[in-house]
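Novice:
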Amino acid sequence: MRIAMIGTGYVGLVSGVCFSDFGHDVICVDKATDKIEMLQSGQVPIYEPGLDVLMAKNVSAGRLTFTTDLADAVDGADAVFIAVGTPTRRGDGHADLTYVMSAAREIAQAITDYVVVVTKSTVPVGTNRKVHEVIAAANPEAEFDVASNPEFLREGAAIDDFMRPDRVVVGVESERAVEVMAKIYRPLYLRDFPILNTDLESAELIKYAANAFLATKITFINEIAGLCERVGGDVKEVARGIGLDGRIGNKFLRAGPGYGGSCFPKDTAALARIGQEHAYPMQITETVIRVNDAVKARMIEKIREVCDDRFNGKTIAVLGVTFKPDTDDMRDAPSLTIVPALIGGGAKVRVVDPQGRAEGEALLPGVEWLDDPYIAAKGADAVVIMTEWNEFRALNLTDLASTMKTARMVDLRNVYSSDLALGAGFETYIGVGS
Ligand SMILES: NC(=O)c1ccc[n+]([C@@H]2O[C@H](COP(=O)([O-])OP(=O)(O)OC[C@H]3O[C@@H](n4cnc5c(N)ncnc54)[C@H](O)[C@@H]3O)[C@@H](O)[C@H]2O)c1
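For reference, each letter of the sequence shown is one residue, going 603 to 1036 in this note's numbering.
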């Protein structure tokens, strides 16, 4: 199969690389010239474990190329995937479909033979039909079908998620398109991964429902964590106790500083907006968004408490600013709410993050970037663990505490325990939910 991948970001690049590894011929397209130049010279513009090796393998096998020329990529393709961004539209929470629709118009002009135009971007219900209308209007001669194929990969584990998915969801309306999609995903089909063929609207909704459900689960345990802090009890024990129930499951039950990242915040906002537009308020999702904001605010208060109720004049070492480990993605990370509050209150903030600096520098003005947690903690009033990178899971707490001005730790990921930290010489240890 010949595939054109429009948009070479976190999803487009991983999908393109993995499809080429399936044996398909893939051309990845992006408007960003610098990104394509990097890729053409063998560099990977994002941090995603294992991506560089898999990319190099398929480039040298001659199955994977990169271009800024969309028309060239679409010409002769069996399927064209749209994997451009769908950020939150300013003002109303709606998914901004500007990039999707402009890609659809460009694709329309380039269609020569029958092709399936597949939306991989996360898009509101009805978008695939609009994509169909836009292409048909721009090129009435074009022979094509649309398909909805939302992506469920997690940054940091993206390749494994793509290669060994829990399921592949395909919304299609014609047999011809079903056949093309089946050929593309044949390697997964042969290994018995579930492929769910459904209608366009259900496919579009599955993606939003999945993300809203996961955001709800995280927010639920975060709310229980707040209650544990008031009434006693340890949220880790509560999470274990409920997670062992097969109906609940133990995943997404780790209390922390609130969900963030490139998907949950924008997708919950978009689902809430879809509900409002159809006069059917998504009340649970709307509440989840509100509670998640409150969780982040609660984290700021936790840190303030440890800093003698004032940030002014304090030096705080923040370990981790990406929204989760093993990614350099800073989009909607809780750190973007929490760190500016510390700085706004007058604190001096030192940040260590294994991959977050390149993106984080512009987003977190006024912080000092360091490479070593021990140097960051030296002379500091408090250390805050914000992201549970492996590098921060096995710190020598005795060494860390010994160089601090006041050895106080706020552990927003519950990496350590009170016993461990106090035993290593910390005078204060505060986690989440105990
Ligand atoms: N990041 C994730 O973990 C993830 C997971 C599942 C689904 N998604 C969804 O996938 C979509 C893409 O997300 P992402 O994180 O990869 O975004 P991204 O911002 O990393 O990448 C999007 C890319 O598309 C390019 N682009 C925009 N318009 C273009 C055009 N007309 N032609 C060519 N290139 C164009 C941009 O330059 C950019 O490089 C979103 O809808 C997102 O919700 C993301």
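The beta carbon of each residue, even a glycine, is placed where N, CA and C say it ideally should be.
Which same chain residues, not among the five before or five after W991, have their C-beta less than 7 Å away from its C-beta?
Specialist: G922, P927, P956
Novice: Quick one: what does DSSP say M657 is sitting in, helix, strand or coil?
Specialist: helix
Novice: Is H880 buried or exposed, if buried means 16 or more other CB atoms sit within 10 Å of its CB?
Specialist: In the assembly as shown, H880 is an exposed residue. Its beta-carbon has fewer than 16 other beta-carbons within 10 Å.
Novice: Would you call L798 buried or exposed, if buried means 16 or more other Cβ atoms sit within 10 Å of its Cβ?
Specialist: exposed
Novice: Tell me V748's beta-bridge partners as DSSP assigns them.
Specialist: V748 is bridged to V719.
Novice: Do I638 and V676 have their C-beta atoms within less than 8 Å of each other?
Specialist: no
Novice: Does the segment 835–855 come within contact of the segment 656–663, defined as at least 3 CB pairs closer than 8 Å?
Specialist: no
Novice: Find the nearest neighbour of R952 within the set Q645, V986, E1029, E735, judged by alpha-carbon distance.
Specialist: Residue V986 is the option with its Cα nearest to R952.
Novice: So, do the segment 698–713 and the segment 681–689 have three or more beta carbon pairs nearer to each other than 8 Å?
Specialist: Pairwise C-beta distances place the segment 698–713 in contact with the segment 681–689, as three or more of them are shorter than 8 Å.
Novice: Go through the segment 890–928 residue by residue and report every complete run of the beta strand (DSSP E) that reaches 3 residues or more, in order.
Specialist: Correct list: 917–921.
Novice: Within the 8 Å Cβ cut-off, does E775 reach chain C?
Specialist: Checking the listed chains, one finds no chain C in this structure; it contains a single protein chain.
Novice: Shortest alpha-carbon distance to G860 belongs to which of G652, T821, H696?
Specialist: T821
Novice: Is it the case that the Cβ atoms of T669 and I605 are separated by a distance below 8 Å?
Specialist: Between T669 and I605, the gap from beta carbon to beta carbon reaches 8 Å or more.
Novice: Any chance the CB of T724 is under 7 Å from a heavy atom of ligand 1?
Specialist: yes
Novice: Do E825 and G773 have their C-beta atoms within less than 8 Å of each other?
Specialist: no
Novice: Spatial neighbours of T635 within its chain, please: CB distance less than 7 Å, with the 5 preceding and 5 following residues excluded, ordered by chain position.
Specialist: Cβ neighbours of T635 beyond the five flanking positions: T670.
Novice: To which residues does DSSP link W971 through a beta bridge?
Specialist: V953
Novice: Kindly list the residues whose CB is nearer than 6 Å to the CB of D627, restricted to its own chain and excluding five residues on each side of it in sequence; keep chain order.
Specialist: Here the set comprises R604, R665.
Novice: If we count the other Cβ atoms within 10 Å of its Cβ and call it buried at 16 or more, is N813 buried or exposed?
Specialist: It is buried - the Cβ of N813 has at least 16 other Cβ atoms within 10 Å.
Novice: Quick check on G773: does DSSP put it in helix, strand or coil?
Specialist: strand
Novice: Would DSSP call N824 helix, strand or coil?
Specialist: In the structure shown, the three-state DSSP call for N824 is helix.
Novice: Cβ atoms of N741 and V720: under 8 Å apart, would you say?
Specialist: no
Novice: What does a CB cutoff of less than 6 Å around A943 pick up in its chain, not counting 5 residues either side in sequence?
Specialist: Excluding residues within five positions, the ones whose Cβ falls inside 6 Å are I902.
Novice: Report the residue from G1025, T989, M988, V1012 whose alpha carbon sits nearest the alpha carbon of S1004.
Specialist: G1025
Novice: Closer than 7 Å to a non-hydrogen atom of ligand 1 - does that hold for the CB of T585?
Specialist: With the chain covering 603 to 1036 only, the question about residue 585 has no answer from this structure.
Novice: Can at least three beta-carbon pairs, one atom from the segment 783–799 and one from the segment 723–736, be found at a separation below 8 Å?
Specialist: no
Novice: Contact defined as beta carbons within less than 8 Å: I believe A857 pairs with I905. What is the distance between those atoms, to the nearest angstrom?
Specialist: 16 Å between Cβ atoms; not a contact.
Novice: Output the distance between the C-alpha atoms of F746 and A784, rounded to the nearest integer angstrom.
Specialist: 16 Å
Novice: Which value, in whole angstroms, describes the spacing of the CA atoms of A712 and E743?
Specialist: When rounded, the distance between both Cα atoms is 11 Å.
Novice: So, does the segment 969–985 touch the segment 888–898, judging by three or more C-beta pairs under 8 Å?
Specialist: Flag = no, the segment 969–985 and the segment 888–898 do not touch.
Novice: Could you spell out the range, first to last residue, of the alpha helix (DSSP H) harbouring L615?
Specialist: 612–623
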